[in-house]
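Q:
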Amino acid sequence: MSTAPQRLHPSAHDPRPIGVFDSGVGGLTVARALMDLLPDERIVYFGDTARGPYGPRDLGQVRDFTAEIVAWLAAQDTKLVVAACNTATAAALDPADPRPLRWPLPVVGVITPAVDAAVRATRNGRVGVVGTEGTIASGAYDRAVATAAPDVELVARACPRFVELVETGRTTDAEVLDVASGYLAPLVAAGVDTLILGCTHYPLLTGVLSYVMGPDVVLVSSAEETARRVFAALVDQHLLAHDRAVEHRFVASGDGTTFARLAARFLGPRLSDVDVEPLGWKASA
Ligand code: DGL
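Oh and the sequence shown: position 91 is 164 in the working numbering, straight run, nothing missing.
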């Protein structure tokens, strides 16, 4: 990321889409944040629903899937790819990887943006992270925090049931609260004042997570932080688009109907009709 802000080139315009991928629907939280921040950008989203979830899988396998999906997105003429999945980022985009993969285009992961925001936010130097088994076992967050702020202590916790609960639409009931209290107990006991939501599904659990952690704990969403990082990368590399009325494309490797049903939950329902009720308002003649 640049330290000195660039001057925006008024004529710079790159209409190619941004590629975004995840093991399934979870990365749509990142796509949502990108749409909010970059409304003129087209997105090609790939959800690997046939092979997801990635969390319980072997990381070497997830690394291979990631390489395959990035190559596919590059072939769709995308200008930049967002690995909108913490497990894929941990498996294939770890800066400490002794055999780093080479990408044909810029690829932005979700771990570094979230870690940078968390180490800036913490006041007591104790940060928590929650994620899938694969992400937490990889140690990618520990390495990223050690690089960004060696004095910050990281408390990491895998929360394997969260993905299944969110995908079945359960984000607020008593069992969710119970499960969250169990998973988060060590983080509360450790006194973390900042919590990284290290999984694309967890922004949908913000209410419960914030309730269990308490109002003084700052929640850092990798979705929002990553969208800001993408904005900066597009500006710095003169890759911004300035199109209106953009059409996004959604592709799933498995069942498209289930993908579409879950997508509404992650992406926000579309407005098809607006009722008009003018109350006392009258147009001036
Ligand atoms: N998208 C995954 C992540 O952010 C969660 C779902 C999965 O296990 O594949 O880690």
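Glycine included, C-beta positions come from ideal geometry on N, C-alpha and C.
The model shown is predicted, which means the values in this text are computed figures rather than measured ones.
1. The beta strand (DSSP E) that contains V200, what's its start and end?
2. Less than 8 Å between the CB atoms is what I'm expecting for T208 and V236, so what's the real figure, rounded?
3. How is E114 classed by DSSP in three states: helix, strand or coil?
4. Can you tell me whether P236 sits near the ligand DGL, meaning its C-beta is under 7 Å from at least one heavy atom of the ligand?
5. Whose CA, out of L312, T102, E114, lies closest to the CA of A318?
6. If you measure from the CB of P126, is any heavy atom of the ligand DGL nearer than 7 Å?
7. Is F274 near the ligand DGL, with its Cβ less than 7 Å from a heavy atom?
8. Helix, strand or coil: how does DSSP classify G207 here?
9. Would you mind stating whether G120 and A325 have Cβ atoms separated by less than 8 Å?
10. Under the criterion of a Cβ to heavy atom distance below 7 Å, does G182 qualify as lining the ligand DGL?
11. Report yes or no: do three or more beta-carbon pairs, one from the stretch 142-156 and one from the stretch 83-99, lie closer than 8 Å?
12. What is the DSSP secondary structure of I91, counted as helix, strand or coil?
13. How far does the alpha helix (DSSP H) with A337 in it extend, from its first residue to its last?
14. In terms of residues, what are the limits of the beta strand (DSSP E) holding V281?
15. Of all the beta strand (DSSP E) runs that stay within the bounds of the stretch 118-162, which reach a length of 3 or more residues?
16. Measure from the C-beta of C158 to each C-beta in chain B and report whether the shortest distance is under 8 Å.
A: Short version:
1. 199-204
2. T208 to V236, Cβ: 11 Å. No contact.
3. coil
4. For the sequence presented, residue 236 should be read as Val rather than Pro. Flag set: Cβ of V236 near the ligand DGL.
5. E114
6. yes
7. It should be noted that the sequence gives His, not Phe, for residue 274. H274: yes, Cβ under 7 Å from the ligand DGL.
8. helix
9. yes
10. no
11. yes
12. strand
13. 329-340
14. Careful: V281 lies outside any beta strand (DSSP E), inside the alpha helix (DSSP H) at 279-286.
15. 153-156
16. No chain B appears in the structure shown, which is made up of a single protein chain.
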